[in-house]
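A.B. asks: In the numbering used here, the protein residues as written are 1 to 188. A virtual CB, placed ideally from N, CA and C, is assigned to each residue, including glycine.
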Amino acid sequence: MRKPIIAVDMDDTICHLVQRAIYHNNINFPTHPLRYEDMIHWDTSHLRHPDSTHDVFYGRPGLFEELELYDEYVVEEMKKLNEAYDVIVVTAAEPRTVVEKWNWLQRHMPFISAEQFITCKRKNLLGFDLLIDDGAHNLIPALNDGKKVICIPHPWNLNEREQYQFPLMSSWKGAKEYIDDLLKTVHV
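1) Checking 7 Å against the spacing of the C-beta atoms, do isoleucine 27 and tyrosine 85 come in under that value?
2) Do you know offhand how far asparagine 138's Cα is from asparagine 124's?
3) Bridge partners of leucine 168, per DSSP?
4) What do you get for threonine 91, buried or exposed, if any count of 16 or more other CB atoms within 10 angstroms of its CB means buried?
5) Under 7 Å, do valine 149 and leucine 131 count as touching if we go by C-beta distance?
6) Let me know the secondary structure DSSP gives phenylalanine 29 once reduced to three states.
7) Please classify phenylalanine 57 as buried or exposed, where buried requires at least 16 other C-beta atoms within 10 Å of its C-beta.
8) From proline 153 to serine 45, what distance separates their C-alpha atoms?
9) At the level of alpha carbons, what is the spacing between isoleucine 14 and alanine 136?
10) Tell me the DSSP secondary structure of glutamate 68 in three-state form.
11) Quick one: any contact between the segment 169 to 176 and the segment 33 to 52, if contact means 3 or more CB pairs under 8 Å?
12) My output table needs one value for tyrosine 105: the three-state DSSP class, helix, strand or coil.
13) Go through its chain and collect everything with a Cβ distance to glutamate 162's Cβ below 7 Å, but skip five positions before and after it.
14) From which residue to which residue does the alpha helix (DSSP H) around leucine 139 run?
15) Going along the chain, which residues of its own chain have a beta-carbon closer than 8 Å to the beta-carbon of arginine 96, five neighbours each way excluded?
16) Would cysteine 151 and phenylalanine 128 be called neighbours here (beta carbons separated by less than 7 Å)?
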């Protein structure tokens with residue numbers, strides 16, 4: 001019998017991208033400081049300094065290798081999921097960031113193989129049973145396709161969380177058991 005496939009987003013799901021980008025933004029553009037709580041939409045250009053373009057905000061060399069783990073439980077829970085399910089890490093990477101993201105993943109989760117690392121912006125095109133993501137633009141199409149989803153709550157997905165009532169996971173603590181229950185499957 002086929003194992004369920006769990007697609008796990010990378011940025012702001014297993015690691016903190018936006019918070020690190022804000023940190024560098026606030027050093028480089030102190031006249032336009034940002035706060036995580038104010039990031040209530042994907043387009044934050046109106047909050048940033050005019051010189052802090054999307055490429056500047058997210059394109060700092062080395063940014064993706066210095067990201068912090070989402071929480072203290074994420075590595076162990078991802079390891080448990082990887083043993084019980086077919087896990088794929090799916091990230092919407094710009095070509096210049098792919099190597100950095102892969103390096104980060106191998107440093108923190110070396111049990112994820114190259115065959116499990118996929119770069120793709122349109123995640124709904126992939127065949128998975130469950131998507132864990134912070135982006136409503138990924139969660140909604142998956143939900144509409146009849147797939148199960150888990151939303152990682154952040155300020156930028158609050159409106160969609162309220163509208164769609166996604167199952168939430170604000171910590172990776174107990175993620176394997178939560179996912180077992182959601183999929184109605186218990187794997188040893």
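C.D. replies: Looking at the atomic coordinates:
1) Contact flag unset, no.
2) Each residue's alpha carbon lies about 7 Å from the other.
3) The partner list for leucine 168 (beta bridge, DSSP) reads Cys151.
4) Taking a 10 Å sphere around the C-beta of threonine 91, we find 16 or more other C-beta atoms and assign the residue as buried.
5) Their beta carbons are under 7 Å apart, which means valine 149 touches leucine 131 by this criterion.
6) Of the three classes helix, strand and coil, the one that applies to phenylalanine 29 here is coil, per DSSP.
7) Its Cβ being crowded by 16 or more others within 10 Å, phenylalanine 57 is buried.
8) Cα to Cα, proline 153 sits roughly 21 Å from serine 45.
9) Each residue's CA atom was taken as its position, placing isoleucine 14 and alanine 136 some 16 Å apart.
10) DSSP places glutamate 68 in the strand class (E or B) of the three-state scheme.
11) Output reads no: the segment 33 to 52 does not touch the segment 169 to 176.
12) Sequence inspection shows leucine at residue 105; the tyrosine mentioned does not correspond to that position. The answer is helix: DSSP assigns leucine 105 an H, G or I state.
13) None.
14) Looking at the DSSP string, the run of the alpha helix (DSSP H) that includes leucine 139 is 136 to 144.
15) Cβ neighbours of arginine 96 beyond the five flanking positions: Gly59.
16) No. Outside cutoff.
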